[in-house]
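Reviewing the structure listed below.
Protein chains in written order, with my numbering: chain A, 41 to 381; chain B, 43 to 354; chain C, 7 to 327.
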């Protein structure tokens, strides 16, 4: 597993936004790494900071009000945060590609799909426009667009949502980047199209040794595609493990809550469970563990209310930021009231 | 018990969710020092507009032939005009016309635009066609030409002469009516478009399903939800009305019987060459300050109430 | 596209008809009798009646009652209203002040002065406004942007009259013979310059908002993620999308190309249509006012149709509707 080597290493990343209401710590000490040819998924509710993490890696945070306060982002040993805007521009598109949630608005409406792919190619490679066109059509074939030569001259609004997302993928992969950041790539699409797009990403990954940072709130997407999963809650990663391990044995009460809120086939339940409450306001995080206000274990525990837990390796390769996760399983199965320490 | 504890805690961390649009906008404006400064300037102008005619009721007759076109001095801080009258008083009195026109024109235009726009958007069909035709016809005459055309039609017109509700279309009421009649179009367009969206909203559908009549839905559910558009357009329209009044007065098509800034500039336009800058300067600064205050305040108000209207 | 254009044209015809009726109501019904400006009331009622008779102003208002109900005859339509409609379309109405001249000949004579003033004024103003706002938007969020916005807001709030009078005064200090009139053709550049400067604040602010709005779109984010440099984003991606609001604002100002700048023409002694319009108001010269109002409206409506066609050219989403 680790023989692939690390491609991207993010350590202690902190991205803050200075708004008129105060400082929003959108990302507050996030660390993870992505190995070559692997998929790392960041999962969490909306507003937990997962997209900001992705934009921080690309350095596409609007400055001001955003600012990467501290941390390090290394791509293949190169520190991205030390690069200037011009150097970073050469990384974007050629080393790191990115696709977005809204294929509707993410393509420029007044240019043809083909010309937008050609633009991406010619920004990073010195080739003639005819060669670039041939390459672009080739890419359209690769991402599974029928009649690519005809689609090349069509405008984004003439394509369906799924086709547009395929064009976005073709554009993002046009310069053979080593890392693809997919920010909720399937959220705006129909379920069947979702599956097709994810399948396409897997195929492309297999053929090109691409690493993928997948940002999603959808655990079903994670199960099918990711190798490693990081669960984000309130600007931090609270649990991280291999996908199989995490799905088999979630340790953090938040992750557990997420799993219990998915409907499963063959299971008879009258009502889906939900996690009570909402994501806390990033301007005003609770003291102690940020999840304790919604946690059925830690709600009344003094340590959870005052001290913030850090990520620690609870099982080999399985990290969790929770004071109670060692005892969690027994706690979840028995009545919480007699577990008070 | 534990449920109770939980809900209170959750709310504690979300101070902003409970606020309405209006109080949220109000709080944002309160924290905006520039917006407050502009609002204070507007209030001062309004105060002057009310107080000045009471303080200097006899200004027009205080002619002083020994003191024509006098430079600013301690006794006359802004100098005197061609009849030896105080320019300071003249400038203060000018606020009255300006603020009256701004206020009245918008009081005519905004409700007109909102009601017509809401009716057009809500009922659709031929009612919509007629209202759209009406405003596109009016809108197709360029602004200043339209204003001058209406003012021309109003020359020497006095309605219901001699009665207590006499309406002098050649004077101040005429300007207000002319401006009101031409400036409702923008509001109407916006409100119509928004109403068409609101009409399909669940709560309006629910009101309709429960058998409420059209007019009652319009006035209870739709117009209250579009009031912010009216308020934004009111503040933005004020500037237009003030400028238009200056323009008309400069052309001697404005108010004749009392001082206004446009007339001051018109009276003094040839004096600048003779080095007499005070009358024109006083009027210009007076216009500049109020227009600046309204422009900035209007922008801030719009950003606080509805940022997506920025480009309209 | 064809059906859309046809619908658009039919709507325009209705709008223009509306304006024709509106001008009739305003100038002939509300404004009413203007004969006292041309015939001395002391000459008695007969002189006034003659004057009215000569200009067809004593006819019936809408339908000729003396012709009975014979609406199929031309005589039935020999009324003030239908004359007004015909004069509007043909521009053959006769001025009261210059009875031997038709509107068409007066417009033909004066339009060139207006165009000499407005064409350079709008071209320069448009170009300068776009260039400055693109510059300011390029430096968005920096001190240059904030200073630019500050200056434009201040510039917007200075009354136009102040620009005009101060400009003329300054020119008078430098070279008095160029400060008024058209004795020497280069004099036209004084009002041109004043018009450009006075309009700059508003246009920079408008275009800047348009640019910045467009720069917050998702496709700009995509372009940045591809590694497109900022100039490429601004001048390739954003500008192309901004063409629509920019075009609209340009078309909206076209009527004033012909009409000229009302105040500048009057104040600088440029003998164009704007000056004519203002003096006709003082003279109560109804046919001229009607004609000029109608002319600007027609140009405006045609401009709107052209904008719609241009929209289709610049925005592929509309082209294929």
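The C-beta atom is built at its ideal place from N, Cα and C for all residues, glycine as well.
Quick caveat: nothing in here was measured; it's all calculated off a predicted structure.
Residue contact check for residue 214 (chain C) against chain A: no CB pair falls below 7 Å.
Spanning the alpha carbons of residue 214 (chain A) and residue 228 (chain B) requires a straight line of approximately 47 Å. Looking at the DSSP output, residue 226 (chain B) shares a beta bridge with no other residue. Closer than 7 Å to the CB of residue 129 (chain A) there is at least one CB belonging to chain C. Leaving aside the five residues that flank residue 213 (chain B) on each side, the residues in its chain whose CB is nearer than 8 Å to its CB run, in chain order, 297, 298, 299.
The straight-line gap separating the alpha-carbon atoms of residue 202 (chain C) and residue 192 (chain C) is approximately 16 Å. When C-beta distances to chain C are compared with 7 Å, the residues of the stretch 130-153 of chain A below that value are 130, 132, 133, 134, 138, 140, 142, 145, 146, 147, 148, 149, 150, in chain order. Taking C-alpha positions only, residue 102 (chain B) is separated from residue 209 (chain B) by approximately 23 Å.
Any Cβ of chain A closer than 7 Å to the Cβ of residue 237 (chain C) would place that residue at the interface, and such an atom is absent. If only uninterrupted alpha helix (DSSP H) runs of at least 4 residues are considered, those enclosed by the stretch 49-103 of chain C are 51-60, 86-96. Those residues of the stretch 127-146 of chain B placed with their C-beta closer than 7 Å to a C-beta in chain C do not exist.
Exclusion of the five residues before and after residue 162 (chain B) leaves 169, 170, 173, 174, 234 as the residues of its chain whose Cβ lies within less than 7 Å of its Cβ. Sixteen is the threshold: when 16 or more other Cβ atoms of the shown chains lie within 10 Å of the Cβ of residue 68 (chain A), as they do, the residue is buried.
With 16 or more other Cβ atoms from the protein chains shown falling within 10 Å of its own Cβ, residue 281 (chain C) counts as buried. Residue 94 (chain A) is positioned such that its CB atom lies no closer than 7 Å to that of residue 266 (chain A). Each residue's CA atom was taken as its position, placing residue 78 (chain B) and residue 337 (chain A) some 48 Å apart.
Annotation for residue 256 (chain C): 132 place their beta carbon closer than 7 Å to its own, counting only its chain and skipping 5 residues before and after. For residue 261 (chain A), the closest C-alpha among the options A:79, A:66, A:55 is that of A:79. Judged by DSSP in its simplified three-state form, residue 170 (chain C) adopts helix. The shortest CA-to-CA distance from residue 332 (chain B) to any of C:237, C:163, C:250, C:150 is the one to C:163.
Spatial neighbours of residue 234 (chain C) in its own chain (CB-CB distance under 8 Å, excluding positions within 5 residues in sequence) are listed in chain order as 242, 243.
Closer than 7 Å to the CB of residue 222 (chain A) there is not a single CB belonging to chain C. Counting other Cβ atoms within 10 Å of its Cβ, residue 117 (chain B) stays below 16 and is therefore classed as exposed.
Under the three-state reduction of DSSP output, residue 57 (chain A) falls in the strand class. In the structure shown, residue 362 (chain A) falls within a coil segment according to DSSP collapsed to helix, strand and coil. For residue 222 (chain A), the enclosing beta strand (DSSP E) has its first and last residue at 219-223. Close CB contacts of residue 142 (chain B) within its chain, under the 8 Å cut and outside five residues either way in sequence, are with 91, 214, 218 (chain order). Bridge pairing for residue 281 (chain A): A:269 [DSSP]. Taking the C-beta atoms as reference points, residue 210 (chain C) is found no nearer than 7 Å to residue 251 (chain C). According to the DSSP assignment, residue 138 (chain A) belongs to the beta strand (DSSP E) that extends over 136-139. Residues of the stretch 137-162 of chain C with a C-beta less than 8 Å from any C-beta of chain B: 159, 160, 162, listed in chain order. Per DSSP, the unbroken alpha helix (DSSP H) holding residue 126 (chain A) starts and ends at 125-131. Put simply, the stretch 21-36 of chain C touches the stretch 193-202 of chain B. At least three CB pairs are less than 8 Å apart. Note on residue 75 (chain B): under 16 other CB atoms within 10 angstroms of its CB, so exposed under the neighbour-count rule. Bounds of the alpha helix (DSSP H) holding residue 279 (chain C) are 279-289. Each of B:186, B:111, B:261 was checked against the Cα of residue 299 (chain C), and the nearest Cα belongs to B:186.
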